[in-house]
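Numbering (our numbering), first residue to last: 1 to 408.
1) Skipping 5 residues on each side, what residues in its chain have a beta carbon closer than 6 Å to that of residue 231?
2) Return the residue from the list 327, 297, 276 and 284 that minimises the CA-CA distance to residue 311.
3) Who are the near neighbours of residue 235 in its chain, counting only those whose CB is closer than 6 Å to its CB and skipping five residues on each side?
4) Please determine if the stretch 24–39 and the stretch 71–86 are in contact, where contact requires at least 3 C-beta pairs separated by less than 8 Å.
5) Kindly provide the ranges of any beta strand (DSSP E) runs that are 3 or more residues long and lie completely inside the stretch 288–325, ordered along the chain.
6) Per the contact definition of three or more C-beta pairs closer than 8 Å, is the stretch 295–305 in contact with the stretch 347–355?
7) My understanding is that residue 39 touches residue 132, with C-beta atoms under 8 Å, so please give their C-beta distance in whole angstroms.
8) Using 8 Å as the Cβ pair cut-off and three pairs as the minimum, do the stretch 361–376 and the stretch 307–322 touch?
9) Taking contact to mean 3 or more Cβ pairs, one atom from each stretch, closer than 8 Å, check whether the stretch 100–107 and the stretch 115–135 are in contact.
10) With a threshold of 6 Å on Cβ separation, who are the neighbours of residue 114 within its own chain once the five nearest residues in sequence on each side are excluded?
11) Who does residue 270 pair with in a DSSP beta bridge?
12) Looking at residue 71: is its Cβ nearer than 9 Å to the Cβ of residue 117?
13) Hey, would you say residue 15 sits closer than 9 Å to residue 112, going by beta carbons?
14) Is residue 260 helix, strand or coil when you go by DSSP?
15) Return yes when the Cβ of residue 123 is within less than 9 Å of the Cβ of residue 244, no when it is not.
16) Please report how far the alpha carbon of residue 96 lies from the alpha carbon of residue 60, in whole angstroms.
17) Take residue 344 and list the residues in its own chain whose beta-carbon comes closer than 8 Å to its own, dropping the five residues that flank it on each side.
18) Using only the alpha-carbon positions, how far apart do residue 54 and residue 12 sit?
19) So, with DSSP's three-state summary, where would you put residue 338?
20) If you compare alpha carbons, which of 322, 251 and 165 is closest to residue 153?
21) Are the beta-carbon atoms belonging to residue 274 and residue 99 less than 9 Å from one another?
22) Residues bridged to residue 348 by DSSP?
23) Using three-state DSSP, classify residue 400 as helix, strand or coil.
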């Protein structure tokens, strides 16, 4: 097989040619005005090397664009002439979101094409870019969503963004079955080694689930993380960004002390960033059985974002969008915003007249109940048993109000 592959030169590589065409089309017809940035993901460092070696000289000669690759370790490269350090490369690729003017004020260049492995699929804000290309399709659909999450972020300068997937030439059944065969061989190897050696441990049911989600993604049915149900960890959800924010805060300020329940703050709305007037509630559920199907990975905590009219903008399953909104609305603010606080205090008579916000709290809990009912009904038609009889939510008495953020 290796010998046969060696006979396929880059000039004969159909998949590589298609990638060139996608990039050429993007540069000729930008998705957003003057944005020529392209983010390419590969599952393998060797493939990333191959793409870099072929794309970098071509794009520099044809368009004057600089290319870089980040694959972990000390293998990063760039052809713009500077130090091939990963953090520097990422900052030059997304200079606005990464604060290039502050960090590298004397750097004359930026990078327009970035090739990376999944070492940059989490914890990186690359929202200056408006297209994400998956050159390799990972068998876990959550990984694909994670990659797209590098550019799909609240506060992006882009009005539109695009995801391009290079699907394998074989069917999804063949692709998943190949992964199953690898898993079976890993089990055999594991039997003769230590228990820690088996790096692929998903069972048949898990693989069937992944195949179903990949099929939805391929057909354009899978739209967001809320559709990727079950078997998802907090890191799968792409929440590592927020975990790192918390770790950084604790290093600077230590653990918060004397924090009371029901704490609130007021921030400014900004519809250009998707931050609409309304309120975000942070609730704690007292019933462990409610989340028996593990739909809410933050359980017992529930985050709900409502507009001023009571319409739900993001429900409790759309955790990342709520957290993105909180971050975008409050990042860099260390003191209360005096004019907003005065307006809120005037509206509520210094917190004595909270009828409007009490009604919104009822709406938030009502939305949680409604979402659970819909998911319970869906579970009747899926294998693995129903959740319709487990963990009923009755209403306000099931929750504690931890905090709320008013957006004015």
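We put the CB at the ideal spot given by N, CA and C, even for glycine.
Per the coordinate set shown:
1) Taking the first residue of the chain shown as position 1, residue 231 is located at position 231. Only weak support exists for where residue 231 lies, its pLDDT of 42 falling under 50; the coordinates are left without a value.
2) Residue numbering aside, residue 311 sits at position 311 when the chain shown is read from its first letter. Per the Cα distances, 276.
3) Mapped onto the chain shown, residue 235 falls at position 235. Bear in mind that a pLDDT of 45 at residue 235, under 50, signals an unreliable position, so the number given afterwards is only what the model happens to contain. So no residue of the chain qualifies.
4) no
5) 301–307 and 312–314
6) no
7) Locating residue 39 in the chain shown gives position 39, counting from the first residue. Locating residue 132 in the chain shown gives position 132, counting from the first residue. At roughly 5 Å, the Cβ-Cβ gap stays under 8 Å, so residue 39 and residue 132 are in contact.
8) yes
9) no
10) For the purposes of this step, residue 114 is identified with residue 114 of the chain shown, where counting begins at 1. 39, 68 and 93, listed in sequence order.
11) Residue 270 sits at position 270 when you count from the first residue of the chain shown. According to DSSP, residue 270 bridges with 275.
12) The residue labelled residue 71 in the question sits at position 71 within the chain shown. The residue labelled residue 117 in the question sits at position 117 within the chain shown. The answer is yes: Cβ separation under 9 Å.
13) Taking the chain shown and counting its residues from 1, one reaches residue 15 at position 15. Taking the chain shown and counting its residues from 1, one reaches residue 112 at position 112. Not in contact: residue 15 and residue 112 (Cβ atoms no closer than 9 Å).
14) Taking the chain shown and counting its residues from 1, one reaches residue 260 at position 260. DSSP places residue 260 in coil when its eight states are reduced to three.
15) Start at 1 with the first residue of the chain shown, and residue 244 comes out as number 244. Start at 1 with the first residue of the chain shown, and residue 123 comes out as number 123. Result yes, Cβ atoms of residue 244 and residue 123 sit closer than 9 Å.
16) Against the chain shown, residue 96 aligns to sequence position 96. Against the chain shown, residue 60 aligns to sequence position 60. Distance between the alpha carbons of residue 96 and residue 60 is about 22 Å.
17) In the chain shown, counting from the first residue as 1, residue 344 sits at position 344. Same-chain partners within the cutoff: 266, 406 and 408.
18) What you label residue 54 is simply residue 54 of the chain shown in a count that begins at 1. What you label residue 12 is simply residue 12 of the chain shown in a count that begins at 1. Answer to the nearest angstrom: the Cα atoms are 13 Å apart.
19) Residue 338 sits at position 338 when you count from the first residue of the chain shown. The answer is helix: DSSP assigns residue 338 an H, G or I state.
20) Here residue 153 refers to the residue found at position 153 when the chain shown is read from its first residue. Checking every option, the nearest Cα to that of residue 153 belongs to 322.
21) Working through the chain shown from its first residue, we reach residue 274 at position 274. Working through the chain shown from its first residue, we reach residue 99 at position 99. Not closer than 9 Å, so no.
22) One-based indexing of the chain shown puts residue 348 at position 348. Residue 348 pairs with nothing; no bridge assigned.
23) Here residue 400 refers to the residue found at position 400 when the chain shown is read from its first residue. In this structure, residue 400 counts as strand in the three-state DSSP scheme.
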